[in-house]
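One structure is given below, encoded as structure tokens.
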Amino acid sequence: MSDDRLQSSDAAESVAGKWHLLDLAADETHVPHHRVDLVFHADADQLRGAILSRGSGAEIPLASVQLDGDTLRLQMQAPKDRDQAEMPFLVMHRMNGKFEGSWMPSGKMDRGLKLVRHRS
Numbered sequence: 008m009s010d011d012r013l014q015s016s017d018a019a020e021s022v023a024g025k026w027h028l029l030d031l032a033a034d035e036t037h038v039p040h041h042r043v044d045l046v047f048h049a050d051a052d053q054l055r056g057a058i059l060s061r062g063s064g065a066e067i068p069l070a071s072v073q074l075d076g077d078t079l080r081l082q083m084q085a086p087k088d089r090d091q092a093e094m095p096f097l098v099m100h101r102m103n104g105k106f107e108g109s110w111m112p113s114g115k116m117d118r119g120l121k122l123v124r125h126r127s
């Protein structure tokens, strides 16, 4: 395996697991009920992710997950009545063990968000 693939694999492993998507101002020590739970899986040569249903635990796959260095980009699946190309990307940057960022293009969702690791 090339050094680039090893680094890519290590980076994906660093993101693997459960995370909470919160408002940037939310208290991380007392994770609010109003949040989105995500899970990332580091497969052989790709990172994939899903929204976790808090009711059933079912995984709702994300359309796209990309990790480029310290930048994480993800995109939700488009509803049946929308084109996937119209869906915004959540672009986040790694900072102190978490990710911070916002939707691009922002449109109506112009607010800062953070992604923090799930704590058991």
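When you line the sequence shown up against this note's numbering, it's residues 8 to 127, in that order. Backbone N, C-alpha and C fix where the C-beta goes; we use that ideal spot for every residue, glycine too.
| query | result |
| --- | --- |
| Between 52, 51 and 27, which has its C-alpha nearest residue 40's C-alpha? | 27 |
| For residue 33, which residues in the same chain have their Cβ closer than 8 Å to its Cβ, ignoring the five residues on either side in sequence? | 39, 42 and 121 |
| Which term fits residue 128, buried or exposed, when burial requires 16 or more other beta carbons within 10 angstroms of its beta carbon? | Residue 128 falls outside the range modelled here, since the chain spans only 8 to 127, and no answer is possible. |
| Would you please state the rounded distance, in angstroms, between the beta carbons of residue 123 and residue 29? I believe it to be under 8 Å. | 6 Å |
| Measure from the alpha carbon of residue 102 to the alpha carbon of each residue in 37, 79, 53 and 58, then state which is nearest. | 79 |
| Helix, strand or coil for residue 107, going by three-state DSSP, please let me know. | strand |
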